[in-house]
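Chains as they are written, first to last, in my numbering: chain A, 26 to 387; chain B, 347 to 878. C-beta: ideal position from N, C-alpha, C; glycine also. All values reported here derive from a predicted model rather than from experimental measurement.
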Amino acid sequence: MYSNRISTTARYNLLTADIQRNEANYNRLTAQLASGKKITNITDDPIGAVNIVNTNRQLGQISTFNQNTQLAKEELDTFDDLMQLAEGYLTQAWDKAVQANNGTYASTSLKALKVEIDEIAKTMVDLANTEFNDNFIFGGANTKLTPYEIDTNGNILYHGTPQDNPDYVRKTEVADGVFEVINTTGDKLFGYYDSYYSDSTGTKYYPQTDEATGNTIYVDKSGNQYTGDVADLTAKEDYSGVMGALKLLSNSLQEVIDAKNAGDSNAETAGYAKMFSTLDMFSNAHNEMVTEQTKFGGVYNRLEMTESTLETNTENLTSYLSSLQDVDIASAASKWMQAQYSYQASLQVAAASMNMSLLNYL
Amino acid sequence: MNLLSSLNISAGALSVNEKAISVVSHNVSNMNTEGYHKQRVNLQARNIAGQIGDNPNNQVRANGGVKIANVMRYNDDYLNNYYREQLSQKNMLEQQLGNLDELAGIFDDLEGTGVDAALSNFYEALNNLQQYPASSTARTNFIEVSKSLTSLMNEKSVQLSKLTGEALGDGSSEDALKNSKIYTQYRELNNSLEELAAVNKALQTTQTGTLTANNLLDQRDLILHDIAQFVDITVDEKPNGSVTVYTGDQALVKGAKVTGKLDIETAKSYCDKHGIKYPDDWTGENAVLSIVDGDGGVVVENANSIITGGALGGLIHSATDYNDGVTNAGTVQASLDKLAGSIAKIFNDLNTRDNAYCIDSSNTNHLKATDSDNILFACYGPDGKETTTGITAANIKVSDNILKTDGIWNISCAYFEDPKYYDENAVGNAQNAITMLGTRNEKQADLNGMSVEDYYTSMLGKIASAGDSAKNLYETQCDVVDSLENQLDSAYGVDLNEELVDLVKYQTAYAAAAQVFNTVNSCLDTLMTLGR
Chain A
26 MYSNRISTTA
36 RYNLLTADIQ
46 RNEANYNRLT
56 AQLASGKKIT
66 NITDDPIGAV
76 NIVNTNRQLG
86 QISTFNQNTQ
96 LAKEELDTFD
106 DLMQLAEGYL
116 TQAWDKAVQA
126 NNGTYASTSL
136 KALKVEIDEI
146 AKTMVDLANT
156 EFNDNFIFGG
166 ANTKLTPYEI
176 DTNGNILYHG
186 TPQDNPDYVR
196 KTEVADGVFE
206 VINTTGDKLF
216 GYYDSYYSDS
226 TGTKYYPQTD
236 EATGNTIYVD
246 KSGNQYTGDV
256 ADLTAKEDYS
266 GVMGALKLLS
276 NSLQEVIDAK
286 NAGDSNAETA
296 GYAKMFSTLD
306 MFSNAHNEMV
316 TEQTKFGGVY
326 NRLEMTESTL
336 ETNTENLTSY
346 LSSLQDVDIA
356 SAASKWMQAQ
366 YSYQASLQVA
376 AASMNMSLLN
386 YL
Chain B
347 MNLLSSLNIS
357 AGALSVNEKA
367 ISVVSHNVSN
377 MNTEGYHKQR
387 VNLQARNIAG
397 QIGDNPNNQV
407 RANGGVKIAN
417 VMRYNDDYLN
427 NYYREQLSQK
437 NMLEQQLGNL
447 DELAGIFDDL
457 EGTGVDAALS
467 NFYEALNNLQ
477 QYPASSTART
487 NFIEVSKSLT
497 SLMNEKSVQL
507 SKLTGEALGD
517 GSSEDALKNS
527 KIYTQYRELN
537 NSLEELAAVN
547 KALQTTQTGT
557 LTANNLLDQR
567 DLILHDIAQF
577 VDITVDEKPN
587 GSVTVYTGDQ
597 ALVKGAKVTG
607 KLDIETAKSY
617 CDKHGIKYPD
627 DWTGENAVLS
637 IVDGDGGVVV
647 ENANSIITGG
657 ALGGLIHSAT
667 DYNDGVTNAG
677 TVQASLDKLA
687 GSIAKIFNDL
697 NTRDNAYCID
707 SSNTNHLKAT
717 DSDNILFACY
727 GPDGKETTTG
737 ITAANIKVSD
747 NILKTDGIWN
757 ISCAYFEDPK
767 YYDENAVGNA
777 QNAITMLGTR
787 NEKQADLNGM
797 SVEDYYTSML
807 GKIASAGDSA
817 KNLYETQCDV
827 VDSLENQLDS
837 AYGVDLNEEL
847 VDLVKYQTAY
857 AAAAQVFNTV
867 NSCLDTLMTL
877 GR
């Protein structure tokens, strides 16, 4: 019996509900248009919201990788510049070695050559002690310790991580879990020269003049003096790379000069033989440098590729992010207009029909 | 003497129509009264008893005019019951949605200001640290970022507790309980129960015959709707119009007596009474509802599990982790605690592991072996000292070990896979920092096999989906309730047109009856002058 019945209250309530629904829709679309964001609360679109958070995180990661790549490239640029300089010095030294080896130079000329070689050695040491961003580039993992030192005995000592220690590496993350090694060790590039006295246990001792007595004493790295029989000590010489070659060349020049002055032709021949052997060493050192330079040239190229990949990813992700969270203005505006019309229509209809009743006609 | 009976009949008709008009007047007056049910006068022809036999005059004599059979109240009990059921459901969903909406507000990470962003910054700082393990700037930055991360987690945890506290109190403080939403609701419900008992009593003394006490019934139904907003009820109506109201099997109101009043106490007070160790052994809600009879005797000690519907049901279960996969403030708090504990464990373990080295603060160009006390994250234990056990989102902090002067050097960045390669000068060794950085994508067994950030995002996703689906459910339920309200309004609301038609109808009948009266009166006059 009630099926067709509608009460006045029900009619008012319906009208109010319709107006409210249209108003809510209109407000929602207005807010969207005003903010420019499709999703203002994570519950608006759970999947979209999670995607936005994930995408923002990825973008953050990419920006970190990008910074890492930039920084690594800068360091490798510096490395490359230093290598070119080093190769230049090496070539100079090599030329001097060739000149010295032709055997026609008088001792004064040889002396001049030796001075030049020693200068080159010092320059090479300075170069090998270059810092980048507060880190010694050629010290391996020992980034805060000056890698090369010329000690009082003229040894060119390397204090960085040795190349046979796998922990020498410094890495930078250029993609998720992908690390590029951006350093090498000084001893691999430049070598070293170490002349010392060794006892039966292999401990290295360096000669020093005792200030009190004026005698020669033998002291190890930690400052402990050798207490055994001096006759048991064996003189040893460890060397490699360009540092080794420079020092050997300088030593052999001194030997030849001394021999010439003393008129000792045997010693002179031995000196020249030593001098000659440095030519190969220079050549090998040069090869080593070029090889490393090429290797890091490859890393540099990879970094450039990474950079462009990162750039593409950033563009893709940014546009994805925009598609997730930004309102499509055209469609939002047209929806907004529609909502406005509906809202207006519901207001008009309500206003016109609210006071309709039999009362008006009695 | 038919003329006199006609006079009586039309006088009766005048009276009946007068009463009918008064009902119309009552209807029109109450057209906007909440819960008012339209009444209608049912008219009946009056029959005068007596044998009729074969005499048509007797037939005429049997006609006694009109009388009011009853005043009917428009109603639909089935619809009412269904409406109350749906209303309970709507109110329960409303509470759940409110809770989830606030949760979503707490974890609204879309602007990059949330825990997710803090985690990203944390890993970015680790990246920096990995590149410059010996740099005090990188180390200080890492510590600052870690501090932001922990304090953000603390803050989120506080917001969550506040959310739970607003709903159910904090579990121990009486004042917090009294300021909670559940307390207000419980009191309103108890008031409604008392009101219902009073109306029941009135009905028992009023509706004693076959006719209904329409206005009291209106009041009764309105109170029943109120009660249904708070709890899920079933209603059993007696012939006198009084009702027995049950939630589950428990009678709340029986006739004039409130047999199941609610009482509320804090979880702590409940635990103290029952010898449960609070909060360690308590897995329930922060507030405990109980049901007591009118004389203060306890009927149900812990009624939380039987109150599942309505606003109370929604609210009481809105903030506790039941481990049933439903997301609420309780589960989010648990997840966040797990996350905090996991982060602390991952980085503490790495920072203190064997062959890991931090930097010697007395000579920052040298490495120093780390030890088990060299932790990054900690919390204050009950004794006020730092500990690594029981770290939660609420209490996680960067360890004093790191925060103290020179503490920056205690971050272990170096690690030697093979101890024979250890070199105290190798401050540029960042193997441990690389491993720490690598945990960003590492799946953690204690985080359901997800990485730290994925675990957080998945939690966020759960909140978002739960909020979204609660919103949809609630909206649907609102539609159902709206449509039912509309049906109910239509079924028993006052329609002005109907009333105006009735008014004209009864007015006309009244005027006609008066006319009949006059006519009969003049007939009588004519009769009186006869034979003069």
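Who are the near neighbours of residue i in its chain, counting only those whose CB is closer than 6 angstroms to its CB and skipping five residues on each side?
| i | result |
| --- | --- |
| B:Y768 | F762 |
| A:T168 | N160 and F161 |
| A:V194 | V206 |
| A:D43 | S371 |
Over the uninterrupted alpha helix (DSSP H) stretch that includes residue i, give me the two end residues.
| i | result |
| --- | --- |
| A:P191 | No alpha helix (DSSP H) holds A:P191; DSSP gives it neither H nor E. |
| B:V504 | S482 to L514 |
| A:F163 | A:F163 -> no alpha helix (DSSP H), and no H or E assigned at all. |
| B:V798 | V798 to Y838 |
| B:F762 | Looking at the DSSP string, B:F762 is not in any alpha helix (DSSP H), and its letter there is neither H nor E. |
Answer with buried or exposed for residue i, where buried requires no fewer than 16 other C-beta atoms within 10 angstroms of its C-beta.
| i | result |
| --- | --- |
| B:D764 | exposed |
| A:A166 | buried |
| A:L138 | buried |
| B:G587 | buried |
| A:E293 | buried |
| A:Y393 | In this structure chain A extends from 26 to 387, so residue 393 of chain A is not present and cannot be described. |
| B:K714 | buried |
| B:V589 | buried |
| A:E329 | exposed |
| A:D189 | exposed |
Grab the span of the beta strand (DSSP E) containing residue i for me, first residue to last.
| i | result |
| --- | --- |
| B:V645 | V644 to V646 |
| B:P625 | That residue, B:P625, is in no beta strand (DSSP E); it is neither H nor E in DSSP. |
| B:N416 | N409 to R419 |
| A:G262 | The question names Gly, but residue 262 of chain A is Glu in the sequence shown. T259 to S265 is the span of the beta strand (DSSP E), which, as asked, contains A:E262. |
For residue i, I'd like the list of residues in its chain whose CB is within less than 8 angstroms of its CB, leaving aside the five on either flank, ordered along the chain.
| i | result |
| --- | --- |
| B:M874 | none |
| B:N388 | I414, A415, N416, V417 and M418 |
| B:N560 | H383, Q385, V417 and R419 |
| B:Q575 | L433, S434, N437, G656 and A657 |
| B:T803 | D462 |
Leaving out the 5 sequence neighbours to the left and right, which residues in its chain are closer than 7 angstroms to residue i when beta-carbon positions are compared?
| i | result |
| --- | --- |
| A:Y27 | Confidence is the limiting factor: at A:Y27 the pLDDT is only 46, short of 50, which leaves the residue's position unreliable and the question unanswerable from this model. |
| B:N473 | L783 |
| A:S132 | I282, K285 and N286 |
| B:K887 | Outside the displayed range of chain B (347 to 878) lies residue 887 of chain B, so it cannot be described from this structure. |
Cβ closer than 8 angstroms: which chain A residues qualify as neighbours of residue i?
| i | result |
| --- | --- |
| B:K547 | Correct list: empty, because the minimum Cβ distance to chain A is about 29 angstroms. |
| B:I809 | I67 and T68 |
Could you name the residues of chain B that residue i contacts, counting a contact when the two beta carbons are closer than 8 angstroms?
| i | result |
| --- | --- |
| A:T34 | M377, N378, D835, G839 and V840 |
| A:N93 | N473 and Q477 |
| A:H184 | N771 |
Could you tell me which chain B residues have their CB closer than 9 angstroms to the CB of residue i, listed as they occur along the chain?
| i | result |
| --- | --- |
| A:A42 | D828 and N832 |
| A:T209 | Near A:T209 there are no residues of chain B at all, since even the closest Cβ is about 13 angstroms away, more than 9 angstroms. |
| A:P232 | By Cβ distance, chain B contributes nothing, its closest Cβ being about 25 angstroms from A:P232, past 9 angstroms. |
| A:V150 | Per Cβ cutoff of 9 angstroms: no residues; A:V150 is ~18 angstroms from chain B at best. |
Check the Cβ of residue i against every Cβ in chain B and list those closer than 7 angstroms, keeping chain order.
| i | result |
| --- | --- |
| A:P191 | Y767 |
| A:L384 | L842 and L846 |
| A:L39 | N832 |
| A:K89 | A small fix is needed here, since residue 89 of chain A is Thr in this sequence, not Lys. Neighbours of A:T89 on chain B, chain order: E470 and N473. |
So which residues of chain A does residue i contact, with C-beta pairs closer than 7 angstroms?
| i | result |
| --- | --- |
| B:L783 | E198 |
| B:N327 | Because chain B in this structure spans residues 347 to 878, residue 327 of chain B falls outside the shown range and cannot be described. |
Query raised in the report: Is the number of C-beta pairs between the region 411-424 of chain B and the region 357-376 of chain B that are closer than 8 angstroms three or more?
Result: yes
Report task. Check whether the region 517-533 of chain B touches the region 630-644 of chain B, counting contact only when three or more Cβ pairs, one atom from each stretch, lie closer than 8 angstroms. Result -> yes
Requested in this report: Indicate whether the contact test is met: 3 or more Cβ pairs, each with one atom in the region 842-850 of chain B and one in the region 441-458 of chain B, closer than 8 angstroms.
Outcome: no
Query raised in the report: Does the region 210-219 of chain A come within contact of the region 174-186 of chain A, defined as at least 3 CB pairs closer than 8 angstroms?
Result: yes
Query raised in the report: Would you call the region 301-319 of chain A and the region 267-280 of chain A touching, i.e. three or more CB-CB distances under 8 angstroms?
Result: yes
**Report entry** Given 8 angstroms, three or more beta-carbon pairs between the region 437-444 of chain B and the region 653-664 of chain B
**Finding:** yes
Requested in this report: Decide if the region 545-558 of chain B is in contact with the region 524-535 of chain B; the criterion is three or more beta carbon pairs, one per stretch, under 8 angstroms apart.
Outcome: no
Query raised in the report: Is the number of C-beta pairs between the region 805-815 of chain B and the region 67-75 of chain A that are closer than 8 angstroms three or more?
Result: yes
Report task. Taking 8 angstroms as the threshold, find out whether the region 473-487 of chain B comes into contact with the region 714-732 of chain B through three or more Cβ pairs. Result -> no
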